[in-house]
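A short write-up of the structure that comes next.
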Amino acid sequence: MLDEIRAILKEHGRITVDPATLADDADLYLAGLTSHASVNVMLALEDKFEVEFPDRMLKRGIFGSIASIRAAIEELKG
Amino acid sequence: MANPQTSSTSAAARIGLEIAAPNSTSVDREARFPREAIDALKAERLLSAYVPPELGGGGLGMIELSQLCEILAQHCSSTAMVFAMHQIQVACIARHGLGSPFFKRYLTDLVEKQYLIASVTSEAGVGGEMRTSVCAVEHQGDRFKLDKDATTISYGAHADDLLVTARRAPEAAPSDQSLVLLSKAEYSLEQNGAWDTLGMRGTCSPPFKLRSSGSSERILSVPFAEIASNTMVPFSHILWASCWLGIATAAVSKARSFVRMQARSKPGTTPPTAIRLAEVSGTLQMMRANVHDVAEECEKLMAQPDAGADVLSSMSFALKMNNLKVATSQVLVDIVQRCLLICGIMGYKNDSKVSIGQHLRDGLSAALMVGNDRIYATNASMLLVLKED
Ligand SMILES: Cc1cc2nc3c(=O)[nH]c(=O)nc-3n(C[C@H](O)[C@H](O)[C@H](O)COP(=O)(O)OP(=O)(O)OC[C@H]3O[C@@H](n4cnc5c(N)ncnc54)[C@H](O)[C@@H]3O)c2cc1C
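These protein sequence lines map, in sequence, to chains P and D.
For the first sequence, the positions run 89 to 166 when this note's numbering is used.
For the second sequence, the positions run 242 to 630 when this note's numbering is used.
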């Protein structure tokens with residue numbers, strides 16, 4: 089799953105570094121993720137993992153790192 | 242014991258009526274800083290209204306600040322907007338800086354000296370996109386250097402301190418920003434343009450080239466991203482909207498007095514303009530409900546143990562804050578224009594008691610004070626993933 093998240097970040101995150109080189113817990117906002125780009129990341133994640141992030145998850149913290157994105161998807165997948 | 246809330250609102254009402262109102266025409270005509278009213282607000286220690294009581298401040302919340310802005314704006318829009326913008330800066334420091342002895346001391350000093358803080362977010366090349374900076378903080382040991390090409394600094398020439406956004410470091414991404422408090426002794430502003438505008442003329446907001454240095458403790462340690470969503474945006478949109486509500490209220494109050502005057506001259510008949518007054522009074526009520534509702538919700542959130550961080554940083558709350566800004570900025574112009582139609586030629590004249598011109602000119606700034614389309618674009622993008630209302 090981590091690889092797929094990295095691939096989505098690479099395609100849609102418009103961040104300043106290659107996600108392959110980012111640690112799982114690295115701060116994506118410090119890597120240049122904007123709130124606008126994060127929407128595209130969310131859309132791609134919803135499509136790829138066939139989940140819908142409920143509104144309570146749509147906040148900065150949840151999309152702050154690769155690890156927190158994985159935790160959110162795992163929670164939704166149950 | 243005196244109730245600090247009622248004493249603040251009555252002080253603002255007195256300052257509005259006795260000091261801001263009589264100067265408002267010259268402030269507008271000459272595009273001059275509303276010095277008398279701001280000095281009076283300082284004398285009442287209202288520039289520290291939001292500073293926590295532990296540090297000697299007024300300890301007011303969002304609802305009271307909103308009321309103060311609304312009251313002042315009924316008398317002088319520029320006084321109210323300067324007051325609002327200052328409180329936004331104080332709130333950023335008070336809600337995100339108290340972990341630092343430096344910022345604690347600063348706020349204690351602000352209570353005593355009633356410093357006025359201006360905001361430097363806009364920058365040449367990025368316009369109103371607050372969450373992007375070109376300039377960067379350059380660290381040199383335990384000091385920093387910061388230069389910024391600022392497009393609009395309200396009361397820049399009259400402020401004691403500046404709160405400035407910049408990239409965290411020269412290598413940081415455009416959205417990876419810090420917020421830095423600059424003190425007058427350590428910055429220079431070179432004005433490179435005029436502020437001869439349609440309205441909001443007394444805010445005195447020309448472009449400046451800013452050069453500064455200072456000790457690193459002046460940089461807030463919390464990332465600006467968090468300060469923006471949790472404090473700067475909610476305070477900006479609510480306090481701006483409160484100023485706009487005050488402007489709308491002033492215009493409607495003129496329309497009311499015009500209609501009463503017409504009614505008195507022909508007792509027994511209802512003037513035809515009374516229907517339009519009834520209509521605009523309902524619109525004003527809707528605007529007021531919107532502002533008060535969001536201010537109350539925000540105050541409740543901010544009183545929670547996490548200071549509202551969880552909800553304030555959510556997309557659904559950002560959408561609501563943005564909706565408040567766009568809706569009130571639009572309805573303001575609508576209300577003022579309808580008041581102009583009610584007052585007719587007496588409203589169109591600049592020298593009549595029910596003159597509407599300045600309200601209209603001031604009101605037109607609301608949609609560009611961060612362009613509404615920019616905000617709509619953000620909301621449009623958030624609505625692609627938000628599911629519920
Ligand atoms: C009375 C007043 C006081 C102010 N005081 C201050 C101050 O003290 N400090 C400060 O820093 N700034 C201040 N500002 C500046 C303000 O916050 C905005 O930065 C500024 O008004 C935006 O300038 P702009 O219209 O040139 O730029 P832009 O934001 O570039 O907008 C230009 C146009 O492009 C549109 N646009 C831009 N991006 C998009 C998008 N993504 N999608 C669709 N449309 C878009 C906008 O809607 C607008 O029509 C003040 C402004 C006013 C009116």
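Ideal Cβ positions, reconstructed from N, Cα and C, are used throughout, including at glycine.
Neighbour list for P/P142 in chain D, Cβ cutoff strictly below 7 angstroms:
By one-based count along the first sequence, residue 142 of chain P stands at place 54. Simply K628.
Mind checking whether D/V331 and D/Y291 have CB atoms under 8 angstroms apart?
Counted from its first residue, the second sequence places residue 331 of chain D at position 90. Counted from its first residue, the second sequence places residue 291 of chain D at position 50. Note that the C-beta distance between D/V331 and D/Y291 is below 8 angstroms.
Can you tell me the Cα-Cα spacing of D/S622 and P/T122, whole angstroms?
On the second sequence, residue 622 of chain D is found 381 positions in, with the first residue counted as 1. On the first sequence, residue 122 of chain P is found 34 positions in, with the first residue counted as 1. Roughly 12 angstroms separates the two Cα atoms.
Is any heavy atom in ligand 1 found nearer than 7 angstroms to the beta carbon of D/G366?
Along the second sequence, read from residue 1 onward, the residue named residue 366 of chain D stands at position 125. For D/G366, the distance from the CB to the nearest heavy atom of ligand 1 is not below 7 angstroms.
Between D/L387 and ligand 1, is there a pair consisting of the residue's CB and a ligand heavy atom that are separated by less than 7 angstroms?
Here residue 387 of chain D is taken as the residue at index 146 of the second sequence, counted from 1. D/L387 has its Cβ no nearer than 7 angstroms to any heavy atom of ligand 1.
If you draw a straight line from the C-alpha of D/K561 to the C-alpha of D/S506, how long is it?
Position 320 of the second sequence, counting from 1, holds the residue named residue 561 of chain D. Position 265 of the second sequence, counting from 1, holds the residue named residue 506 of chain D. Computed Cα separation, rounded: 46 angstroms.
Delimiting residues of the alpha helix (DSSP H) encompassing D/Y428
Here residue 428 of chain D is taken as the residue at index 187 of the second sequence, counted from 1. No alpha helix (DSSP H) contains D/Y428, which is instead part of the beta strand (DSSP E) from 428-432.
C-beta contact flag for D/S454 and D/F385 at 8 angstroms
Within the second sequence, numbered from 1, the residue matching residue 454 of chain D stands at position 213. Within the second sequence, numbered from 1, the residue matching residue 385 of chain D stands at position 144. Between D/S454 and D/F385, the CB-CB gap stays under 8 angstroms.
Measuring only from the beta carbon, is D/N613 closer than 7 angstroms to any heavy atom that is part of ligand 1?
Start at 1 with the first residue of the second sequence, and residue 613 of chain D comes out as number 372. Yes; taking the cut-off as 7 angstroms, the Cβ of D/N613 has a heavy atom of ligand 1 nearer than that.
Between D/S395 and D/M326, is the Cβ-Cβ spacing less than 8 angstroms?
For the purposes of this step, residue 395 of chain D is taken as the residue at position 154 of the second sequence. For the purposes of this step, residue 326 of chain D is taken as the residue at position 85 of the second sequence. Yes, the Cβ-Cβ distance between D/S395 and D/M326 is below 8 angstroms.
Is it buried or exposed, D/M242, if we count other Cβ atoms within 10 angstroms and call 16 or more buried?
What you label residue 242 of chain D is simply residue 1 of the second sequence in a count that begins at 1. At D/M242 the pLDDT is 39, less than 50, meaning the model places this residue with poor confidence and gives no usable figure here.
Residue from D/A253, D/K389, D/P342 with nearest C-alpha to D/Q432
What you label residue 432 of chain D is simply residue 191 of the second sequence in a count that begins at 1. When only C-alpha atoms are compared, the closest one is D/K389.
Taking 7 angstroms as the cut-off, is the beta-carbon of D/A359 closer than that to any non-hydrogen atom of ligand 1?
Here residue 359 of chain D refers to the residue found at position 118 of the second sequence. Yes.
Should D/V375 go down as buried or exposed, given a rule of 16 or more other Cβ atoms within 10 Å for buried?
Translated into the one-based positions of the second sequence, residue 375 of chain D becomes position 134. When all chains shown are included, D/V375 counts as exposed.
So what's D/S424 in DSSP terms, helix, strand or just coil?
Numbered from 1 along the second sequence, position 183 holds the residue referred to as residue 424 of chain D. If DSSP states are grouped into helix, strand and coil, D/S424 belongs with the strands.
Does at least one heavy atom of ligand 1 sit under 7 angstroms from the Cβ of D/I329?
The sequence position of residue 329 of chain D within the second sequence is 88, counting from 1. Not under cutoff, so the answer is no.
Could you please tell me which residues of the stretch 364-390 of chain D, in chain order, have their CB closer than 9 angstroms to any CB of chain P?
R372, T373
Can you tell me whether D/R408 is buried or exposed, with buried defined as 16 or more other CB within 10 angstroms of its CB?
Along the second sequence, read from residue 1 onward, the residue named residue 408 of chain D stands at position 167. Buried, because 16 or more other Cβ atoms sit within 10 Å of the Cβ of D/R408.
D/S453 - DSSP class collapsed to helix/strand/coil:
Numbered from 1 along the second sequence, position 212 holds the residue referred to as residue 453 of chain D. If DSSP states are grouped into helix, strand and coil, D/S453 belongs with the strands.
Determine, for P/H100, whether the minimum Cβ-Cβ distance to residues of chain B falls below 8 angstroms.
No chain B is part of this structure, whose protein chains are labelled P and D.
I'd like the span of the alpha helix (DSSP H) that includes D/K541, first residue to last.
For the purposes of this step, residue 541 of chain D is taken as the residue at position 300 of the second sequence. First-last of the alpha helix (DSSP H) with D/K541: 514-543.
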